[in-house]
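Enquirer: Numbering (my numbering), first residue to last: 2 to 1238.
For every residue, glycine included, the Cβ atom is placed at its ideal position computed from N, Cα and C.
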Amino acid sequence: MASARDAPAWKFHVFLSFRGEDTRNGFTDHLYAAFRGRGFAVFRDNEELERGEVIADALLKAIDESLCSVVVLSPRYASSRWCLDELLRILESRAKFGRNVLPIFYDVDPADVRHQRGTFSEAFAKHAERFGSDEIRMWRQALKVVADLYSWTSKDKRETELIEEIVAEVWEKLQPKLPSYDDELILNRDESLQLLCQKAFRGEKPEEAYLELSSSVVQYAGEVLVEKSLVTYDGLHLGMHDLLQEMCRNIVLQESPNDASKRSRLWSLKDIDQVLRNNNGTESIQAVVLNLPEPYEACWNPDAFSKMSNLRLLMILNKLQLPLGLKCLPSGLKVLVWKEYPLESLPVGAQLDELVELDMCHSQIEHLWGGKKFLENLKIINLRNCNNLHRTPDFTGIPNLENLDLEGCVNLVEVHASLGLLKKLSYVTFEDCKNLKILPRKLLMDSLKRLVLSGCSAVRKLPEFGESMKSLSVLALEETSIAELPVSVGHLTGLNNLLLEGCKNIVLLPNTFSNLKSLRRLNISGCSKISKLPDNLNENEALESLNASGTAIREVPSSIVLLKNLRLLLFRGCKGLTSNPWNSLLPFEKILRFNSHPTPKRLILPTFSGLSSLKKLDLSYCNLHDGSIPEDLGCLSSLVTLDLSGNNFVRLPDCISELLKLEKLLLKCCPSLESFPKLPPEIHYVNASDCGSMKPLSDPQQIWGHLASFAFDKLQDVNQFKTLLVSPGNEIPSSFFYQKHLNQVQDIEYVKENYIWADSTVSISMDLAQLRHRYHRSEWWGLLVCLVVEDVEPSPSQEYRIGWISKVPRFKNILQQLCHKMEQGLITGIPNHKYPHLLILYIPFYSARWFYDPDNFQLIFYCSSLKSKLVIKKCGWRTLCKEDAENWCRELSECNTNSSNQCVSNPRGGCLSPHFSSWRWISRLKVPQHCKTFLLAILCDRLPANERCTFCCLKGTVIHVLRDCTRATAIWVQMVPPEVCDQFFSTSLHDWMHRFLLKPWFPNRDYYADCLRFTVTTWLLWKDRNSSIVERNSPTDNDGLYSLIQSLVKEYAMLLHLKGEEGTSAANSLSQNSRLKLFIKLNVDGCCNGNPGNTGYGGLFRDVEGKWLGGFYGSLGLATNVKADLFSICQGLITAWDLGYRTVLVETDSLEAINLIKEANIEDCAYGGLLADIRSLMQRNWSLDLIHSFRQDNACAHILSELGAEQHEVYRFLAHPPQQLQLALVADALQVQLPCL
């Protein structure tokens, strides 16, 4: 490929390619006028040539000399050979010289251009009669390429809006990149108008008649400078062209050609040195700017600035020595920028009353001034990296200071207390002030937005924060030595970012942490002493990012699932706490110790059901094992990245396949992992490197079973290539045909010619003509490449690079340079391999630039690393087309169908290809796999039908069983909105499925809830039908219908994981008559006559309406009150599990018991065994909350515990409430207290 340097000199800004018959006198003419009006040089051919005439050389030259080509693709564009040859030359110029190409689809569909349909198909049919196949092939590929570029479509916008947008885009692409200057130099409209008036009218204002004209002149002048590329302004920065700068300097030189002291601005070292050495300064000098290329010793007169009374800007930007010192500075200075200032302080007695900005970074200054200085205009102080600065000045006399930057002042020890009283200060940074120890005791800075103390390792205590500090949005405290956050941190109600990374002494977050309602990012990674998160973390409702990696957290609070905005959750390296078995509390525990094994450290995870916005979850190196991950992981509907590296899994749960948006799955360094989990449909990257127990991926069915999950059709727009799979292995799977076994380095010289260093290379060649013939009926997607790589000289913590270059033989036509060398890809971060690994890469079709269909194509893969040597041992590849992916999905779905429910299975027949898009959509539903298979069976007409319905004796078609039977209708009418009832009960089976499964039932309803209701209801209706056939039972009474509704509510609630009012609402939306509710309330209590003394425990189960479901009580004998409370909780959980309750709210009035369960160290606690049992029960696969209630609200459980102490029974279950409890139950249901007797 030729470089941009070899491109011919440009003559035109824009080349217009269009079909004259379609757009010459309409759209193209208007577009041409718009370009010309903006000042573009545009080439537009105005000659009409006969059809078939060869394109003129002048046009080819004009294309090469144009910076940008705008291609107007109209209906008859392809009918002109002239236009098609233009397009070929335009794409060649783009490839060779980097020219811009912008297509416009005018009255045509981009898909018609890409696939040559409609008028484009007709045009090529006529071309086939006149021209050769090679020309037609190149024209077709050129249209495909241009159809995939960034473009506009005329159907999307009005013509005027479209033209304005196109012209703006071309201007954006063609304008030069210019240097940027401080945006304070930009004059606003009023200032620009005032400047014009002073020069043109010798006054502050023009006459009224000239006011509008003057405003127009100011606006026009600014636009002209921008359009001429002399000035750029991006809203923040002003950029000036070198020519404009030179012109302005010449204007200044004309002020006094021979005497520099009488000029308004000085910038040359020669002039500045002459004026300041001889103390020749005058009132004329307003600005001195000196930018030295190297250090310089300036023997300036110490009083050199004394005569410059009008000096406003002093800027010295390099190291300058002042052997004679400096005695004064002008009092009128507004901006003082002196980098590497060589003196210890500012001149004594300097009165900088008008100073606005003071920038003296990297200076030798030890202190700015002594005592108080009254600088009311000073807004910015920058003393960054002043290593000799020991203390800050007194800020009392600087009330308007807005920005203070002291980053890197490593010897700064003390900050003056007056800093905390500055009401207008917005930004303060002390980053990396490693010796800073003394801060103001209290901060009362109302306007403070950002406070940075990162790297201040000597800071042990933070100031108190005032109640008015509601503007603070960033508090950065990384790597400090603080042991706690002040309680007053709760005053920072506007805080967005709290950064505590590496604060190794901090133990816990304060109780007032819940006041931070605006907190969006919390980083406590590396805080190794933090062992718990706040229980009420859900009150930080705006939290989006939580990084707790490397902490001592052993249990994630259940309240985290209520953080609806949480997008990032990282617990890397959190391994929890070691717990001992229950027998450690027994007297003979030491005798049995040799037989006991401590519970390994691991992180205890909550349910994930509420984290619908979570995009990244990192649970790496948390010592997790099989069963540690909650089964509701699939509820993370937005999850994109999941990192489970460094854990002890043998098998991963199947719920990973329900993560419908998961793109990246990391399983590195899992030594016990034996196989990949079932992968979700959107997966792009799986890395299982350094998994020693991983079974090699040699079985073709296993390979394609994994690859079928990858969304190849969504990877077509990537610019490079994707690593799909990284796994231990030493053999190329047999399904990769055209494979090669390599024993030597090839094409190393070619790689070196392209300035690429490589340890090893391998090349593969493809006969694309043969492949086109083989797959001529399918849509090509790309190339799958399988590499076996091994590090023969391993080095710790070493990253490798694997890349590729594509090339084809030289052509004899205009595509010669384009096809010789085209593009390279690159991946990094391949881990340190201790043994051979298998890499499967995917190269999209257009990433390899195969658009000209050469007969032979070659890819060269290379490996490189800095300290070790990575070698490609083997290589295999195969093409990938749409037909392959459909076959994989068909085989996979048929396998799932045969292995699921017998009632759904049917003799295999037909092809799933017509329903491929439906299956791809169904596979993304967040429902169990058996439900997905069932839905697919409906769409593919694989459900068997009976002659008669077992319930109503009508024809037993599938749609009748699922919807039209009176039994099914009785359920549907309770769920379907009245507005869509008519449509719901009148459509055919397939229309019914697509309308009410693939779309929300009503615009304002929750789509996921509707989808889940539809799926669960149809599945249970079909199961009910199958049961009636097998059991030859036809229940028609209300009890049978009620039993079905019970099952429906229960399964829906289990899948949705709802609680409280939301759960009740969901249940009522299914059935208002159901006696089964979505959660069970369990009240427990323990009592003790003396402490220790005779103890009892008790508990009861009720539904959300307070109705009795069951109870229990028992006696513990001689024990403590706390043990009785803990035992009541433990026995209540056991009973609830045995009764089949899976959504339970546990209430106890013992706050001490709750704290022990959540916080106690099992090793040090006297009730460690009991606590271990409770925690084990709470980790089971159910939805469970443990909360504190008041004593009067727990009266029923207390009565049962007293019964347990009196009866001396170890355990007794109560199906009916005892007489002693009935009055209390009524009072509790009515929410009144029993009178004290």
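1. Anyone know if the C-beta pair for GLU1158 and VAL1085 falls short of 8 Å?
2. At what residue ranges does the stretch 473-543 contain a whole run of the alpha helix (DSSP H), taking only runs of 4 or more?
3. Going by DSSP in three states, GLN1180 sits in which element: helix, strand or coil?
4. Would you check if the distance between the CB atom of PRO1218 and the CB atom of TRP1138 is smaller than 8 Å?
5. Is the beta carbon of ALA1154 less than 8 Å from the beta carbon of ASP1194?
6. Quick one: grab the DSSP three-state call for ASP1174.
7. List the whole-angstrom C-beta distance separating GLU408 from HIS391, where the pair is believed to meet the contact cut-off of C-beta under 8 Å.
8. Restricting to runs no shorter than 3 residues, where is the beta strand (DSSP E) found entirely within the stretch 77-128?
9. For LYS1310, does the three-state DSSP call read helix, strand or coil?
10. With 16 as the cutoff for other CB atoms within 10 Å, does THR161 come out buried or exposed?
11. Who are LYS617's beta bridge partners in DSSP?
12. So, at 6 Å on beta carbons, what are the nonlocal neighbours of LYS679 in its own chain, with the 5 sequence-adjacent residues on each side left out?
13. Please say whether SER469 and LYS450 have beta carbons closer to each other than 8 Å?
14. Between GLY527 and LYS505, which are expected to be in contact by the criterion C-beta below 8 Å, what is the C-beta distance as a whole number of angstroms?
15. Using DSSP's beta-bridge definition, name the partner residues of HIS1189.
16. Check whether the Cβ atoms of VAL962 and LYS875 lie closer than 8 Å to each other.
17. In its own chain, which residues sit with a C-beta less than 6 Å from the C-beta of VAL687, not counting the 5 before and 5 after it?
18. Tell me which same chain residues have a C-beta within less than 6 Å of the C-beta of GLU479, skipping the five on either side of it?
19. Pick out whichever of ASN537, GLY551, GLU556 has its Cα sitting closest to the Cα of LEU563.
20. Please check the pair SER75 and ARG20, which I expect to be a contact at CB under 8 Å, by giving their CB distance rounded to whole angstroms.
21. How about THR552 and SER529: do their beta carbons lie closer than 8 Å?
22. Should TRP1023 be counted as a contact of the ligand GTP given a C-beta to heavy atom distance under 7 Å?
23. Could you tell me the boundaries of the beta strand (DSSP E) in which CYS329 lies?
24. For SER448, which residues from the same chain have a beta carbon less than 7 Å from its beta carbon, with the 5 sequence-adjacent residues on both sides left out?
25. Just verifying my parser: in three-state terms, what is the DSSP assignment at PHE16?
26. Distance check for SER285 and ALA210, CA to CA, integer angstroms please.
27. Using CA coordinates, which residue listed in VAL981, CYS932, GLY1094, ARG949 is at the minimum distance from THR1018?
28. How is LYS1159 classed by DSSP in three states: helix, strand or coil?
29. Would you tell me roughly how many angstroms separate the C-alpha atoms of ASP149 and VAL253, rounded to the nearest one?
30. DSSP three-state call for SER364: helix, strand or coil?
31. What separation, rounded to the nearest whole angstrom, lies between the Cα atoms of ASP965 and CYS941?
32. Specify the secondary structure class of ILE806 as computed by DSSP and reduced to three states.
33. Which two residues bound the contiguous alpha helix (DSSP H) that contains VAL146?
34. In terms of residues, what are the limits of the alpha helix (DSSP H) holding LYS174?
35. In whole angstroms, what is the alpha-carbon distance linking LYS617 and LYS97?
36. Could you tell me the alpha carbon to alpha carbon distance between ALA34 and ARG115, rounded to whole angstroms?
Expert: According to the structure data:
1. Residue 1158 sits at position 1157 when you count from the first residue of the sequence shown. Residue 1085 sits at position 1084 when you count from the first residue of the sequence shown. According to the sequence provided, residue 1158 is Ile. The question's Glu does not apply to it. No, Cβ-Cβ distance for ILE1158 and VAL1085 is not below 8 Å.
2. none
3. Stepping through the sequence shown from its first residue, residue 1180 is reached at position 1179. GLN1180: coil per DSSP, three-state reduction.
4. Indexing the sequence shown from 1 puts residue 1218 at position 1217. Indexing the sequence shown from 1 puts residue 1138 at position 1137. No.
5. In the sequence shown, the residue the question calls residue 1154 occupies position 1153. In the sequence shown, the residue the question calls residue 1194 occupies position 1193. Contact flag unset, no.
6. To locate residue 1174, count along the sequence shown from 1; it is residue 1173. Residue state, collapsed to three classes: helix.
7. Locating residue 408 in the sequence shown gives position 407, where the first residue counts as 1. Locating residue 391 in the sequence shown gives position 390, where the first residue counts as 1. Incorrect: roughly 16 Å between the Cβ atoms, too far for contact.
8. 101-106
9. Past the edges of the chain, shown from 2 to 1238, lies residue 1310, and the structure says nothing about it.
10. Your numbering for residue 161 matches position 160 in the sequence shown. By the neighbour-count rule (16 or more Cβ atoms within 10 Å), THR161 is not buried but exposed.
11. Against the sequence shown, residue 617 aligns to sequence position 616. Bridge partners of LYS617: LEU569, THR642.
12. Here residue 679 refers to the residue found at position 678 when the sequence shown is read from its first residue. Within the same chain, LYS679 has close Cβ partners ASP655, SER658.
13. Counting from 1 along the sequence shown, the entry for residue 450 is found at position 449. Counting from 1 along the sequence shown, the entry for residue 469 is found at position 468. Contact flag unset, no.
14. On the sequence shown, residue 527 is found 526 positions in, with the first residue counted as 1. On the sequence shown, residue 505 is found 504 positions in, with the first residue counted as 1. About 7 Å separates the two Cβ atoms, so the contact holds.
15. By one-based count along the sequence shown, residue 1189 stands at place 1188. In the DSSP output, where bridge partners are listed per residue, HIS1189 has THR1149.
16. Reading the sequence shown from its first residue, position 961 is the one you call residue 962. Reading the sequence shown from its first residue, position 874 is the one you call residue 875. Contact flag unset, no.
17. For the purposes of this step, residue 687 is identified with residue 686 of the sequence shown, where counting begins at 1. Contacts found: LEU666, LEU726.
18. Taking the first residue of the sequence shown as 1, we reach residue 479 at position 478. SER455, LEU500, GLU502, GLY503.
19. Numbered from 1 along the sequence shown, position 562 holds the residue referred to as residue 563. Checked all of ASN537, GLY551, GLU556; the closest Cα to LEU563 is ASN537.
20. Along the sequence shown, one-based indexing puts residue 75 at 74. Along the sequence shown, one-based indexing puts residue 20 at 19. Indeed, because the Cβ distance is near 5 Å, the residues count as touching under 8 Å.
21. Counted from its first residue, the sequence shown places residue 552 at position 551. Counted from its first residue, the sequence shown places residue 529 at position 528. Yes, the Cβ-Cβ distance between THR552 and SER529 is below 8 Å.
22. Here there are no bound small molecules, and the ligand GTP is not part of this structure.
23. Working through the sequence shown from its first residue, we reach residue 329 at position 328. Looking at the DSSP string, CYS329 is not in any beta strand (DSSP E), and its letter there is neither H nor E.
24. Counting from 1 along the sequence shown, the entry for residue 448 is found at position 447. Answer for SER448: LYS424, LYS425, LEU426, SER427, SER472, listed in chain order.
25. Numbered from its first residue, the sequence shown carries residue 16 at position 15. Three-state DSSP puts PHE16 in a strand.
26. Working through the sequence shown from its first residue, we reach residue 210 at position 209. Working through the sequence shown from its first residue, we reach residue 285 at position 284. Confidence at ALA210 is low in this model, with a pLDDT of 47, below 50, so the placement of that residue should be treated as unreliable; the coordinate-derived value is given next. If I take the Cα positions, the gap works out to 35 Å.
27. Position 1017 of the sequence shown, counting from 1, holds the residue named residue 1018. Closest option to THR1018, Cα to Cα, is CYS932.
28. Looking up residue 1159 in the sequence shown gives position 1158. DSSP places LYS1159 in helix when its eight states are reduced to three.
29. Indexing the sequence shown from 1 puts residue 149 at position 148. Indexing the sequence shown from 1 puts residue 253 at position 252. Their backbone Cα atoms lie some 53 Å apart in a straight line.
30. Within the sequence shown, the letter at position 363 stands for residue 364. Three-state result, SER364: coil.
31. Mapped onto the sequence shown, residue 965 falls at position 964. Mapped onto the sequence shown, residue 941 falls at position 940. Taking the straight line from one Cα to the other gives about 20 Å.
32. Taking the first residue of the sequence shown as 1, we reach residue 806 at position 805. Reduced to three states, the DSSP call for ILE806 is strand.
33. Numbered from its first residue, the sequence shown carries residue 146 at position 145. Per DSSP, VAL146 belongs to the alpha helix (DSSP H) from 134-148.
34. On the sequence shown, residue 174 is found 173 positions in, with the first residue counted as 1. First-last of the alpha helix (DSSP H) with LYS174: 160-175.
35. Within the sequence shown, numbered from 1, the residue matching residue 617 stands at position 616. Within the sequence shown, numbered from 1, the residue matching residue 97 stands at position 96. Roughly 41 Å separates the two Cα atoms.
36. If you number the sequence shown from 1, residue 34 lands on position 33. If you number the sequence shown from 1, residue 115 lands on position 114. Straight-line Cα distance between these residues: approximately 29 Å.
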